[in-house]
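A short write-up of the structure that comes next.
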Amino acid sequence: MEIPSNRSEIEDFFQLVIEESYPTLGAIVAISVYSVFVFIFYRALAKRDLITLNLNHYSDNLSGRVKKYTRTLIFVLQYIVFVPVLITFWTLVLAIILTLLSPDADHSRNALIATSVVGAVRILSYWTEDLSRDVAKMLPFGVLGVFLVGDAQVQISEIEELFNGLNEIATSFASSLFLIAVLESILRSLSAMINIFSLRRKNLHQKKEIAKKTGRTVKDIRTDILDDGELNYSAGDDVDQMQEVLEDAVDGLLQENV
2 MEIPSNRSEI EDFFQLVIEE SYPTLGAIVA ISVYSVFVFI FYRALAKRDL ITLNLNHYSD
62 NLSGRVKKYT RTLIFVLQYI VFVPVLITFW TLVLAIILTL LSPDADHSRN ALIATSVVGA
122 VRILSYWTED LSRDVAKMLP FGVLGVFLVG DAQVQISEIE ELFNGLNEIA TSFASSLFLI
182 AVLESILRSL SAMINIFSLR RKNLHQKKEI AKKTGRTVKD IRTDILDDGE LNYSAGDDVD
242 QMQEVLEDAV DGLLQENV
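Okay, here's the thing in structure tokens:
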């Protein structure tokens, strides 16, 4: 490259720099926007609880079977309707990204890949969200890397072909929605069962510790709690004194667990 020696050459040089900067600047903006979108995408998808709203408070004023039916209906709407629709939306977005950025325009194959990745992310989110986030961002950034180093380009014809294949995309959307609804229902049910089992084990361990400190049986403590919702020492002549001993033992146990 020769150093410009006159005004005309300097103007030509800066004009060339500006012309070559436009594509680079466009690529910088496009990569930044795409990265922000992927960031929002994988963080939203990798969360175990996609909907953090506590809708059960709408049934707090109810009682009996009406309360149970209302909570069941809320569970069905939240985890079998809303969550699968939200997950399927992200699946569709990922499938569109694959269609536009990858050289393969097979909608069914791209939908299958997107559904597989999203399903794996949802399973991993119930174990550890750190790994699920890594898997969720793997494919979008991987496709971006292949797109940048390859000679692929987003053509207008690909977008037109995408709109022409809406029927095929709708079929893939429906099948993905059904599969994800079943998967999310199974995962949520298993998670609830594991939480209940863990809570019962924890409560049993606490009752055994209390029984050991107070000299009572676990069955006696369980019966006492079921009686009035409180743990009382309701036998013997020195009831008040024994109640104080019991409360001190429980307080000591709670202090040890903190």
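Quick note, the sequence shown lines up with residues 2 to 259 if you use the numbering used here.
C-beta: ideal position from N, C-alpha, C; glycine also.
Keep in mind the model is a prediction, meaning the values are calculated, not measured.
Is the beta carbon of residue i less than 8 Å from the beta carbon of residue j?
i, j, result
"Thr-100", "Asn-111", "yes"
"Val-119", "Leu-95", "yes"
"Ile-211", "Val-144", "no"
"Val-122", "Ala-182", "no"
"Tyr-127", "Leu-180", "no"
"Val-82", "Ile-52", "no"
"Arg-134", "Arg-44", "yes"
"Val-39", "Lys-138", "yes"
"Leu-125", "Leu-132", "yes"
How would you label residue i, buried or exposed, when you count the other beta carbons within 10 angstroms and need 16 or more for buried?
i, result
"Tyr-277", "The first residue shown for the chain is 2 and the last is 259, placing residue 277 beyond what the model contains."
"His-265", "Since the first and last residues shown for the chain are 2 and 259, residue 265 lies out of range."
"Leu-17", "exposed"
"Ile-41", "exposed"
"Ser-173", "buried"
"Lys-208", "buried"
"Thr-92", "buried"
"Ile-197", "exposed"
"Leu-102", "buried"
DSSP on residue i, reduced to helix/strand/coil?
i, result
"Trp-91", "helix"
"Thr-1", "It is not possible to answer for residue 1, since the shown part of the chain is limited to 2 through 259."
"Thr-53", "coil"
"Gly-151", "coil"
"Thr-218", "coil"
"Tyr-127", "coil"
"Lys-69", "helix"
"Asp-135", "helix"
"Asp-107", "coil"
"Ala-47", "coil"
Just the C-alpha distance for residue i and residue j, rounded to the nearest angstrom, thanks.
i, j, result
"Thr-73", "Gln-79", "10 Å"
"Thr-25", "Ile-32", "10 Å"
"Asp-50", "Leu-149", "34 Å"
"Ala-193", "Glu-21", "58 Å"
"Ser-184", "Leu-178", "Contrary to the premise, residue 184 reads as Leu rather than Ser in this sequence. Going by the C-alpha atoms only, they are around 10 Å apart."
"Ile-19", "Ala-171", "44 Å"
"Thr-261", "Asp-13", "Coverage of the chain is limited to positions 2 through 259, which leaves residue 261 absent and any answer about it impossible."
"Phe-76", "Ala-175", "21 Å"
"Val-261", "Ser-36", "No answer is possible for residue 261: the residues shown for the chain start at 2 and end at 259."
"Thr-89", "Thr-218", "52 Å"
"Lys-203", "Ser-190", "20 Å"
"Asn-168", "Leu-113", "16 Å"
"Gly-151", "Val-136", "23 Å"
"Leu-200", "Gly-146", "45 Å"
"His-206", "Lys-69", "29 Å"
"Asp-238", "Lys-213", "Any reading at Asp-238 needs caution, since the residue's pLDDT is 45, under 50, leaving its predicted position unreliable; the model's value is listed next. Distance between the alpha carbons of Asp-238 and Lys-213 is about 21 Å."
"Ser-186", "Gly-27", "43 Å"
"Ile-195", "Phe-142", "34 Å"
Segments of 4+ residues assigned as alpha helix (DSSP H) that fall wholly inside the region 169-213: none
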